[in-house]
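Asker: Here you go, one structure.
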Amino acid sequence: MLAGLIKTIRPHQWVKNLFVMAPMFFHKDVFLSTPAGPALNLLVTGRALAATGVFCLLAGAVYTINDLADVEADRIHPVKRYRPIASREVPEALAWLMAVLLVVLSLGIGFLLHWKFFICAVIYLCQNIAYTFKLKSIAVLDVAFISFGFVLRVLAGGFATDTQVSTYMIACTALLALFLGFGKRRHELSGENAGKQRAALKAYTPMGLNVLLALTGGATVVTYIAYTIDPVTCAFFNTKSLWLTAPFTIFGIFRFLFLVSGRAGRGLKSESPTQEMLRDVPFVLNLVLWVVMVVAIVYRLRPSLG
């Protein structure tokens, strides 16, 4: 039962909450310059990690509430019927208790971090509850609310670390989240009895989602490139080299399209695109290389020659 409870809160999906750390990461606050060389900024990093943990706990509560609300629909899904609540591995009463405890714990920690962060966390929770019980059945609006959740993560991360969040970061986050959200719907539409499992899927078509993916994916790439070459960005980072990270972004967008279309060499075997991404070696390797490149450029890290 313990394993079922852990599976219900979906730790593999918590990677999305790394967006909470984005403001600190792109504000050059991860490392400090010391006489001995770069050193980790423990105060800011600690607050960012705590903020990310809050959103992970909130996400766990939201996933649990979502499974409780969708339990009957999940039982007719070829994959989701094996979820702990749908399969009756975890009793519904116990799942509700866990969800309440996670909400109380996460919001309590959030209030201690910063009152503005706490407000973002409360809005995130309310938005997701509204999404679970009503908004996810409305096509396009369902994905728009997913995107809003990612923007809230970024704003909350800025408040937790007292970091200014740029307009470019908000725009890139919103567009990327829309792209990922439409990709998830494309992934779900490929399954059997899609309309019965999620009402909003009845209003989507493969062609329509392909167009939305192309538009949001292209807009994400263009916005990111504009950010990397913007004079304000170049002045802030004191470098014009950030555009070198753009090819990794472009590859990630195209690789994601291959994954959700089932053309990445193994078809659609996972329950969600997030699982597909985390299991895809080229995608993960590209992401790691992007992070390494950004860190090297933003923090002006160079290999030692001594």
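Under the working numbering, the very last position in the sequence shown is 307; numbers go up by exactly one each time.
The C-beta atom is built at its ideal place from N, Cα and C for all residues, glycine as well.
Which runs of the beta strand (DSSP E) spanning at least 3 residues fall entirely within the stretch 16-64, listed in chain order?
Answerer: List check, beta strand (DSSP E) in window: 32-35 and 38-41.
Asker: Classify Leu214 as buried or exposed, calling it buried when 16 or more other Cβ atoms lie within 10 Å of its own Cβ.
Answerer: By 1-based counting over the sequence shown, the position of residue 214 is 213. It is buried - the Cβ of Leu214 has at least 16 other Cβ atoms within 10 Å.
Asker: If I measure Cβ to Cβ from Lys241 and keep anything under 7 Å in the same chain, skipping five residues before and after, which residues do I get?
Answerer: Residue numbering aside, residue 241 sits at position 240 when the sequence shown is read from its first letter. Excluding positions up to five away in sequence, the list reads Cys235.
Asker: Rank Leu181, Asn42 and Pro232 by C-alpha distance to the C-alpha of Ile147 and give the top, closest one.
Answerer: Within the sequence shown, residue 147 is the residue found at index 146, counting from 1. Per the Cα distances, Leu181.
Asker: Determine, using beta carbons only, whether Gln14 and Thr275 come nearer to each other than 8 Å.
Answerer: As a first step, residue 14 must be located in the sequence shown, where it is residue number 13. As a first step, residue 275 must be located in the sequence shown, where it is residue number 274. Cβ atoms of Gln14 and Thr275: closer than 8 Å.
Asker: Go ahead and pull the three-state DSSP assignment for His13.
Answerer: Here residue 13 refers to the residue found at position 12 of the sequence shown. His13 falls in the helix class under three-state DSSP.
Asker: Roughly how many angstroms separate the alpha carbons of Val45 and Leu33, rounded to a whole number?
Answerer: The sequence position of residue 45 within the sequence shown is 44, counting from 1. The sequence position of residue 33 within the sequence shown is 32, counting from 1. Looking at the two C-alpha atoms, the distance is approximately 10 Å.
Asker: Is there contact here, the stretch 18-25 with the stretch 144-158, by at least three beta-carbon pairs under 8 Å?
Answerer: Taking 8 Å as the limit for Cβ pairs, the verdict is that the stretch 144-158 does touch the stretch 18-25.
Asker: To the nearest angstrom, how far is the alpha carbon of Val144 from that of Phe183?
Answerer: The residue you call residue 144 lines up with position 143 of the sequence shown. The residue you call residue 183 lines up with position 182 of the sequence shown. C-alpha separation (whole angstroms): 7 Å.
Asker: Since I believe Ala87 is in contact with Ile66 (beta carbons under 8 Å), could you give me their beta-carbon distance rounded to a whole number of angstroms?
Answerer: As a working mapping, residue 66 is identified with position 65 in the sequence shown. As a working mapping, residue 87 is identified with position 86 in the sequence shown. Not quite, the Cβ-Cβ distance comes to about 14 Å (not below 8 Å), so this is no contact.
Asker: Tell me whether Leu103 counts as near the ligand PLP, meaning its Cβ is closer than 7 Å to at least one heavy atom of that ligand.
Answerer: Here there are no bound small molecules, and the ligand PLP is not part of this structure.
Asker: Measure the alpha-carbon distance for Ile298 versus Leu243 and round it to whole angstroms.
Answerer: As a first step, residue 298 must be located in the sequence shown, where it is residue number 297. As a first step, residue 243 must be located in the sequence shown, where it is residue number 242. Rounded to whole angstroms, Ile298 to Leu243 spans 6 Å at the Cα level.
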